[in-house]
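Novice: Here it is, the structure in full.
In the numbering used here, the protein residues as written are 1 to 57.
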């Protein structure tokens, strides 16, 4: 629920914790079509950036 997301963001900001988040308005717990392609690419980029110090194109 959105109120939980807002609580999480507020808490992380209050604790001065860095975070990355992508919100998909109108979607439920899964994504399809172009959003799925985008989410997969961004997820892979996150792993490459934070665990392998590389960036995908």
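Glycine included, C-beta positions come from ideal geometry on N, C-alpha and C.
Look at the Cβ atom of residue 42, then the Cβ atom of residue 22, and state whether they are nearer than 8 Å.
Specialist: Result yes, Cβ atoms of residue 42 and residue 22 sit closer than 8 Å.
Novice: Going by DSSP, what residue range makes up the alpha helix (DSSP H) through residue 35?
Specialist: Element bounds for residue 35: 33-51.
Novice: Roughly how far, in whole angstroms, is the beta-carbon of residue 55 from the beta-carbon of residue 44, given that I think they are within contact range, below 8 Å?
Specialist: No, residue 55 and residue 44 are not in contact; Cβ-Cβ is about 10 Å, not under 8 Å.
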